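Terminal number for the sequence shown in UniProt numbering: 288, no gaps in between.
All residues carry an ideal CB built from backbone N, CA and C; glycine is no exception.
The structure presented is a predicted model; accordingly, all values stated were derived computationally and were not measured.
These notes are about the structure you will find just below.
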Amino acid sequence: MDTTELLKKVRKIEIKTKGLSNHIFSGEYHSAFKGRGMSFSEVREYTFGDDVRTIDWNVTARFSHPYVKVFEEERELTVMLLVDISKSALFGSVQQTKRDLITEICAVLSFSAIHNHDKVGVVFFSNGIEKYIPPKKGSSHTLRIIRDLLSMEATRPGTDIAAALRFFNNAVKKKSIVFLLSDFFADGYEDALQIVARKHDLIGIHVYDPHEKELPAVGLVKMMDAETGETLWLDTLDAQVRKKYAAQFQQHVQYCRNAFTRSGASLISIRTDEDYVRILQGFFVRRI
Numbered sequence: 001m002d003t004t005e006l007l008k009k010v011r012k013i014e015i016k017t018k019g020l021s022n023h024i025f026s027g028e029y030h031s032a033f034k035g036r037g038m039s040f041s042e043v044r045e046y047t048f049g050d051d052v053r054t055i056d057w058n059v060t061a062r063f064s065h066p067y068v069k070v071f072e073e074e075r076e077l078t079v080m081l082l083v084d085i086s087k088s089a090l091f092g093s094v095q096q097t098k099r100d101l102i103t104e105i106c107a108v109l110s111f112s113a114i115h116n117h118d119k120v121g122v123v124f125f126s127n128g129i130e131k132y133i134p135p136k137k138g139s140s141h142t143l144r145i146i147r148d149l150l151s152m153e154a155t156r157p158g159t160d161i162a163a164a165l166r167f168f169n170n171a172v173k174k175k176s177i178v179f180l181l182s183d184f185f186a187d188g189y190e191d192a193l194q195i196v197a198r199k200h201d202l203i204g205i206h207v208y209d210p211h212e213k214e215l216p217a218v219g220l221v222k223m224m225d226a227e228t229g230e231t232l233w234l235d236t237l238d239a240q241v242r243k244k245y246a247a248q249f250q251q252h253v254q255y256c257r258n259a260f261t262r263s264g265a266s267l268i269s270i271r272t273d274e275d276y277v278r279i280l281q282g283f284f285v286r287r288i
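Next comes the structure, spelled out in structure tokens:
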């Protein structure tokens, strides 16, 4: 992609997603996340109706009278995007590829954060860390993120979600809102997921194509693994082949759901032919 074409794509994404962010997501984003970032302010004596979970047991023991911790809303949040750019994300059988959808969602989230005066940063990963953009404010910073979302390519095959989570946990110490965007064709990331979810507000966004869920019955098809380049032929008219294919996808989805449930993190699934605006809005509203 040459510079002129890249700039045209950046501008197109900016116009579409900035409008969505300003006119649709700004209220939902603010309500869903503002107020969830709380910092310790002081302690005071317990009064009837206070949440017992806020009791400071050390101070209470010292004065033999219950005291509670008082928190105040942090004025500024940090939003981190952990973006899977592995080659499997280049697949798409309908309007757009998984990578296209991930790019749009990241742009919307970035503009929503900037609109609410928050910082945004990105970790691009495949089978390792491809690039890290530290969190900053400002529209020019967001446009840099969009440019990289459009132009970044994986330099190694495979997907290592655990490595991305570990890198983020070491690089960003402040409690953050973390969006992990991937097709999640990986395993072995449960422990890293739990560690990040203990400290940060972690939301997974599982992006998938309808033909990954179910094979169309169109005859003999040559399939290629985007990560390894390996190919095989499948007879899609064979009902057993389609059944096994669908079962493998469901197994993959269930693994992902179980990992997020056990870690206490949230998970959203969005198909490439679905209205991601409606799905994200619904998720934000449920968090209010």
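Separation of F125 and G158 (C-alpha to C-alpha, rounded to the nearest whole angstrom) is 10 Å. By the C-beta density criterion, M223 is exposed, having fewer than 16 other C-beta atoms within 10 angstroms.
Along the stretch 223-263, the alpha helix (DSSP H) occurs as fully enclosed runs of 4 or more residues at 239-263, listed in sequence order. In chain order, I161, A162 place their CB closer than 6 Å to the CB of Y189, counting only its own chain and leaving out the 5 sequence neighbours on each side. Buried is the label assigned to G204, since at least 16 other Cβ atoms lie within 10 Å of its Cβ. For I13, there is no enclosing beta strand (DSSP E); the residue is part of the alpha helix (DSSP H) that begins and ends at 3-20.
Within a 10 Å sphere around the beta-carbon of A247 sit fewer than 16 other beta-carbons, which makes this residue exposed. Minimum Cα-Cα distance from V241 among the listed residues A192, A217, G264 corresponds to A217. Assignment of P134 by DSSP, reduced to helix, strand and coil, places it in the strand class.
Annotation note: the stretch 165-191 contains the following uninterrupted beta strand (DSSP E) runs of length 3 or greater, listed N- to C-terminal: 177-182. The stretch 78-96 and the stretch 48-59 do not touch, with fewer than 3 CB-CB distances between them shorter than 8 Å. Within the stretch 107-164, the runs of alpha helix (DSSP H) at least 4 residues long that lie entirely inside it are, in chain order, 139-151. Between V207 and I279, the gap from beta carbon to beta carbon reaches 7 Å or more. A distance below 7 Å separates the beta carbons of S110 and V120.
For G282, the enclosing alpha helix (DSSP H) begins and ends at 276-287. Residue burial is scored here from C-beta neighbours: F260 has at least 16 other C-beta atoms within 10 angstroms and is therefore classed as buried.
For T78, the uninterrupted beta strand (DSSP E) run begins and ends at 78-84, by DSSP. Checking the DSSP bridge columns, you'll see I268 partnered with I205. By the CB criterion at 7 Å, V59 and I177 fall outside the cutoff.
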